[in-house]
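Q:
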Amino acid sequence: MNIYVGNLSWNLKDQDLLNLFSAHGEVTTAKIINDKFTGRSKGFGFVEMPNDDQAQAAIAALNGTAVDGRNVVVNESRPKPEGSGGGGGFKKRSFGGGGGGNRGNRGGGDYNRDSFNNGDY
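Residue 16 in my numbering is what sits at position 12 of the sequence shown, and the numbering runs on without skipping anything.
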């Protein structure tokens, strides 16, 4: 079972998470997620336990308990829904169109009040 662990102290390392859950059964992996630019903890991680009964016992025992001064949130990890898109990143967007092509002496396609005075509309 894959377990989400949130509200973690930024001081914790992967090994701390592994030790915390190992008291409740076999742990396959324990990983705290870090920001890819700063390398600093994002305050959450995931633990994988092969035995579902042990995983449920760990969730029940650890959810809401204080770890390094913070009450952690522990629950079964659920996959992201399809099409959620993930967060962050740069998305290229169009910020409006251009002014158009050359339209005689009226400029770039914008309204030109002077053109009405010259009678060339």
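Glycine included, every Cβ here is placed at the ideal spot set by N, Cα and C.
By the 10 Å Cβ neighbour count, where 16 or more other Cβ atoms means buried, how is F25 classified, buried or exposed?
A: Answer is buried; the Cβ neighbour count reaches 16.
Q: Whose C-beta lies closer than 8 angstroms to the C-beta of N79 among residues of the same chain, with five residues either side of it excluded?
A: Here the set comprises I7, Y8, I63 and N67.
Q: Is it the case that the Cβ atoms of N15 and R74 are separated by a distance below 7 angstroms?
A: No; because the gap between Cβ atoms is not below 7 angstroms, this pair is not in contact.
Q: Can you name the residues that DSSP bridges to K35?
A: Bridge partners of K35: F50.
Q: If you drop the 5 nearest sequence neighbours on each side, which residues of the same chain put their C-beta closer than 6 angstroms to that of T33?
A: E52, listed in sequence order.
Q: Mind pulling the beta strand (DSSP E) runs of 3 or more residues that sit fully within the stretch 58-90?
A: DSSP runs (the beta strand (DSSP E)) wholly in the stretch 58-90: 77-80.
Q: By the three-class DSSP mapping on this structure, what secondary structure does S26 have?
A: Three-state DSSP puts S26 in a helix.
Q: Would you mind working out which of K35, N55 and D56 sits nearest K46, comparing C-alpha positions?
A: Checking every option, the nearest Cα to that of K46 belongs to K35.
Q: Given a cut-off of 7 angstroms, decide if L21 and G43 are closer than it, judged by their beta-carbon atoms.
A: No, they are not a contact pair.
Q: Where DSSP assigns a beta bridge to S45, which residues make up the other side?
A: DSSP output for S45 lists N38 as bridge partner(s).
Q: Locate the beta strand (DSSP E) running through N6, then write down its first and last residues.
A: Where N6 is concerned, the enclosing beta strand (DSSP E) stretches over N6 to G10.
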